[in-house]
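Colleague:
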Amino acid sequence: MDEVLAISALQHYAYCPRQYALIHVEQVWSENRYTAEGRILHKRVDSTEPEQRGDTRFERGVSVLSKTLGLTGKLDLLEIKSGNPPRYTPVEYKRGKPKTEDWDRVQLCAQALCIEEMRNVDVAEGAIWYWEVRQRVIVEIDARLREITTEVIGNARSLLSEGVTPPPTRHKKLCRACSLADICQPQRFRADRSGDYITRLFEE
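Going by full-length UniProt numbering, the sequence shown opens with residue 1, and the numbers climb by one from there.
So, in C-alpha cells, the structure goes:
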C-alpha cells in the first residue's frame with residue numbers, strides 16, 4: 001500500500017472531511033486553545049515512564065503499524081493485563097468531553113486494529129480518558145465500530161489520493177470549535193452560489 005495514513009488523521013476526517021483535507025492535503029495548520037491544551041496533555045502523557053501495577057503493565061507512547069490497512073500512529077497508553085492470552089486495552093486521552101458522535105471512537109478502533117495485527121490478539125475494548133470532565137469511557141470494539149472505522153480509512157485514503165478539498169460541512173456547530181475556521185472560511189463558501197448557478201444553466 002503506497003500511502004500510509006496517520007491514525008490521528010482519521011479523527012480529523014470523521015470530524016470534518018474538509019478539515020482533514022486542509023491539514024493532510026493542503027498542509028495547513030492553525031492552533032487554538034483546544035488544540036494547544038490537547039498538545040500539552042499528550043506531551044505529559046507521553047513523557048511518563050512505563051509501570052507495572054499488580055497484573056497490569058502500562059506502556060506509554062507505543063508506536064503501532066498496520067501494513068494491511070496502511071496505518072501508523074502512537075498510542076497514548078496501552079494497558080496489558082496478564083493472562084493466557086494477555087488482554088490489550090488501548091487508551092486515548094482527549095482534552096474535552098465524551099461525544100455522541102464516533103469521531104474519537106474511530107481513532108481508538110484504528111489503534112485496536114493495529115494492535116491486533118501486530119500482536120496477533122483480539123482487542124475487545126478500549127478506553128478514552130476525557131481530561132475536562134476527568135472521566136474514563138469504555139469503548140467496545142464491536143462489529144459496528146469496526147465497519148465505520150474501515151469505511152473512514154477508505155474514504156480518507158481516497159480523498160488524499162484525489163487531492164481535492166471538499167466544501168465545508170453542513171453542520172455549522174462543528175466550525176465553532178475548529179482551529180482552521182479562519183483558513184477554511186466556511187461562511188464565505190456557503191454564501192457562494194456560483195456552483196448552483198452553473199448547474200442550473202446546464203440543466204436548462
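Note that beta-carbon positions come from the ideal geometry of N, C-alpha and C, so glycine has one too.
How many angstroms separate the CA atom of Val-4 from the CA atom of Glu-151?
Modeller: Between Val-4 and Glu-151, the C-alpha separation is close to 16 angstroms.
Colleague: Using only the alpha-carbon positions, how far apart do Arg-176 and Tyr-88 sit?
Modeller: Rounded to whole angstroms, Arg-176 to Tyr-88 spans 36 angstroms at the Cα level.
Colleague: Suppose only complete runs of 3+ residues qualify. What are the beta strand (DSSP E) ranges in the stretch 50-115, listed by chain order?
Modeller: List check, beta strand (DSSP E) in window: 51-53, 56-66, 71-81, 87-94.
Colleague: What separation, rounded to the nearest whole angstrom, lies between the Cα atoms of Gly-77 and Ala-112?
Modeller: The amino acid occupying residue 77 in the given sequence is Leu; Gly does not appear at that position. Spanning the two alpha carbons is a distance of roughly 12 angstroms.
Colleague: Tell me the rounded alpha-carbon separation between Ala-127 and Thr-56.
Modeller: Cα-Cα distance, rounded: 15 angstroms.
Colleague: Could you name the residues of the same chain whose beta carbon sits closer than 6 angstroms to that of Cys-16, not counting the 5 residues immediately before and after it, in chain order?
Modeller: Once the five neighbours on either side are set aside, the close Cβ partners of Cys-16 are Thr-169, Leu-174.
Colleague: Less than 7 angstroms between C-beta atoms, sequence neighbours within five positions excluded: which residues of the same chain meet that for Glu-117?
Modeller: Hits under 7 angstroms: Ser-66, Thr-68.
Colleague: Ignoring anything shorter than 3 residues or poking outside the stretch 118-173, list the beta strand (DSSP E) runs there in chain order.
Modeller: Runs found: 125-130, 135-140.
Colleague: Count the other CB atoms within 10 Å of the CB of Ile-23; is the residue buried (16 or more) or exposed (fewer)?
Modeller: It counts as buried.
Colleague: Could you check where the alpha helix (DSSP H) with Cys-184 kicks off and where it finishes?
Modeller: Counting along the chain, the alpha helix (DSSP H) containing Cys-184 begins and ends at 181-184.
Colleague: What does the alpha-carbon distance come out to for the pair Ser-161 and Gln-11?
Modeller: If I take the Cα positions, the gap works out to 18 angstroms.
Colleague: Can you list, in chain order, the residues of its chain with a C-beta nearer than 7 angstroms to that of Val-106? Leave out the 5 residues immediately preceding and following it.
Modeller: If we look at Val-106 and ignore the five residues flanking it on each side, its Cβ neighbours are Leu-10, Gln-11, Ala-14, Ile-148, Thr-149, Val-152.
Colleague: If you follow the alpha helix (DSSP H) that Ala-177 is part of, which residue opens it and which one closes it?
Modeller: Neither: Ala-177 is in no alpha helix (DSSP H) and is coded neither H nor E.
Colleague: Note down the Cα distance separating Glu-204 from Asn-120, rounded to an integer number of angstroms.
Modeller: Residue confidence is low: Glu-204 scores 49 on pLDDT, short of 50, so the model does not pin down where it sits. No coordinate-derived value is stated.
Colleague: State the CB to CB distance for the pair Ala-21 and Pro-166, rounded to an integer number of angstroms; the pair is presumed to be in contact (CB under 8 angstroms).
Modeller: Right, their Cβ atoms sit about 6 angstroms apart.
Colleague: Please report how far the alpha carbon of Ile-138 lies from the alpha carbon of Glu-125, in whole angstroms.
Modeller: Straight-line Cα distance between these residues: approximately 7 angstroms.
Colleague: State yes or no: is the C-beta of Cys-178 within less than 9 angstroms of the C-beta of Ile-7?
Modeller: Result no, Cβ atoms of Cys-178 and Ile-7 do not sit closer than 9 angstroms.
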